[in-house]
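*Asks:* If you scroll down you'll find the structure; I have some questions about it.
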């Protein structure tokens, strides 16, 4: 085991933990390489043993299994995200990446109403009225996965391994009806188009999964700097700064960062569950994510 893995900030072990969350798994198996005791203390307290530990010998191999109840997952996510946000150092490469991507956003030719939504969202990052507390940087504008299925709108990051895959959508629509008393057509109050909202959430989920599968714990693309990927969430955004979470996990990460940064944003949780290419097993293998604990 690398000695750095035994010391804070325990990046390798957080990657494995969140890889299980990404795959809706509630257990992780470690073969001859288990996390240090001090890491589990970040999650477990004397009062609450949220993550249970089994250890046994199998064919001269020391096997350690972490497992937890699904109902305890919000608390585990809360403690893990808080530790990362408060103890991890900022990856300095993100500053230049953020500047480059903001320039790309600014110089786009098609500046329609949805582009204005995106520009306003990015300009408010790290300001008091942001809807993404903790996410200070624009990581990618119009990111295209390797299979070229389309272009994602925005990818945000806190510069410490947490990423938000964001899809914006102008989802409000105004209806009209004929007012017999006034003898004219009258506009109704704007309402959310449920189909557009659903599609924004669906897109966020698709691009989130593509991002996770393509980079497997470490972002590296062409001549770009490499970045550690620990947690990835999918979020849809509508008018009036409405934030739609793809899954309960995404909602929990957002709410934890809201709390850390003293924000109280109302997040509407969707009922969607992304399952394509997900493992049917409830057990996460340590080989399923790149656990390189340093920048290459």
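Residue numbers (the UniProt record's numbering): 1 to 296. Ideal Cβ placement from N, Cα and C applies to all residues, glycine included.
1. Within a Cβ cutoff of 8 Å, which residues of the same chain sit near residue 199, ignoring the five residues on either side of it in sequence?
2. By Cβ distance, which residues of its chain are closer than 8 Å to residue 163, with the 5 residues on each side in sequence left out?
3. Once you ignore the five residues that flank residue 13 on each side, which residues in its own chain have a CB closer than 6 Å to its CB?
4. Just the C-alpha distance for residue 76 and residue 152, rounded to the nearest angstrom, thanks.
5. Quick one: what's got a C-beta closer than 6 Å to residue 325's C-beta in the same chain, skipping five residues either side?
6. Between the C-alpha atoms of residue 149 and residue 143, what's the straight-line distance to the nearest angstrom?
7. Using a Cβ-Cβ cut-off of 7 Å (strictly less than) and excluding sequence neighbours within five positions of residue 124, which residues of its own chain qualify?
8. To which residues of the same chain is residue 94 closer than 6 Å at the C-beta, ignoring the five residues directly before and after it?
9. Whole angstroms is fine: what's the gap from residue 299's alpha carbon to residue 15's?
10. By the three-class DSSP mapping on this structure, what secondary structure does residue 288 have?
11. Whose C-alpha, out of 214, 141, 250, 41, is nearest the C-alpha of residue 97?
12. Assuming the contact rule is C-beta atoms closer than 8 Å, residue 68 and residue 52 should be a hit. Round their C-beta distance to whole Å, please.
13. Within 10 angstroms of the Cβ of residue 254, are there 16 or more other Cβ atoms? Answer buried if so, exposed if not.
14. Beta-carbon within less than 6 Å of residue 225's beta-carbon, same chain only, minus the 5 sequence neighbours each way: which residues are those?
15. Pull up the distance between the alpha-carbon of residue 183 and that of residue 102, whole angstroms please.
16. Considering only C-alpha positions, which residue in the set 32, 90, 261 is nearest to residue 59?
17. Could you tell me how far apart the beta carbons of residue 80 and residue 42 are, in whole angstroms, since I believe they sit closer than 8 Å?
18. In whole angstroms, what is the alpha-carbon distance linking residue 213 and residue 261?
19. I think residue 114 touches residue 256, with their Cβ atoms under 8 Å apart; what is that distance to the nearest whole Å?
20. Apply the 10 Å Cβ neighbour rule to residue 8 and answer buried if 16 or more other Cβ atoms are within range, or exposed otherwise.
21. What number of angstroms, rounded off, separates the C-alpha of residue 26 from the C-alpha of residue 18?
22. For residue 217, which three-state DSSP category applies?
23. What does the alpha-carbon distance come out to for the pair residue 99 and residue 63?
24. Using 10 angstroms around the beta-carbon of residue 49, count the other beta-carbons present and answer buried if the total reaches 16, otherwise exposed.
25. Look up residue 62 in the DSSP assignment and give the residues it is bridged to.
*Replies:* So, from the listed chains and residues:
1. Excluding residues within five positions, the ones whose Cβ falls inside 8 Å are 169.
2. Excluding five sequence positions before and after residue 163, the CB atoms of its chain that fall closer than 8 Å to its own CB belong to 139, 155, 156, 157, 211, 229, 231, 232, 233, given in chain order.
3. So the qualifying residues of the chain are 35, 39.
4. Straight-line Cα distance between these residues: approximately 29 Å.
5. As displayed, the chain neither begins before 1 nor continues past 296, which places residue 325 out of reach and without an answer.
6. The straight-line gap from Cα to Cα measures roughly 11 Å.
7. The beta carbon of residue 124 is closer than 7 Å to those of 130 in its chain, skipping five residues each way along the sequence.
8. 137, 159, listed in sequence order.
9. Since the first residue of the chain shown is 1 and the last is 296, residue 299 is not available in this structure.
10. Note that residue 288 scores a pLDDT of 49, beneath 50, so its modelled location is shaky; the value from the coordinates is reported in the next line. Per DSSP, reduced to three states, the secondary structure at residue 288 is helical.
11. Looking at the Cα atoms, 141 is the closest of the given residues.
12. The Cβ separation is near 7 Å, so the contact holds.
13. By the 10 Å Cβ count, residue 254 comes out buried.
14. Residues 93 of the same chain have their beta carbon placed closer than 6 Å to that of residue 225, with the five preceding and five following residues left out of the count.
15. So the two alpha carbons sit approximately 49 Å from each other.
16. It is 32.
17. Going by Cβ atoms, the distance from residue 80 to residue 42 rounds to 7 Å, so yes, they are a contact pair.
18. Those two C-alpha atoms are separated by around 30 Å.
19. Residue 256 and residue 114 do not touch by the CB rule: their CB atoms are close to 28 Å apart, not below 8 Å.
20. Looking at its Cβ environment, which holds fewer than 16 other Cβ atoms inside 10 Å, residue 8 is exposed.
21. In a straight line, the C-alpha of residue 26 is about 11 Å away from that of residue 18.
22. Of the three classes helix, strand and coil, the one that applies to residue 217 here is coil, per DSSP.
23. A straight line joining the alpha-carbon of residue 99 with that of residue 63 spans about 45 Å.
24. It counts as exposed.
25. Bridge partners of residue 62: 57.
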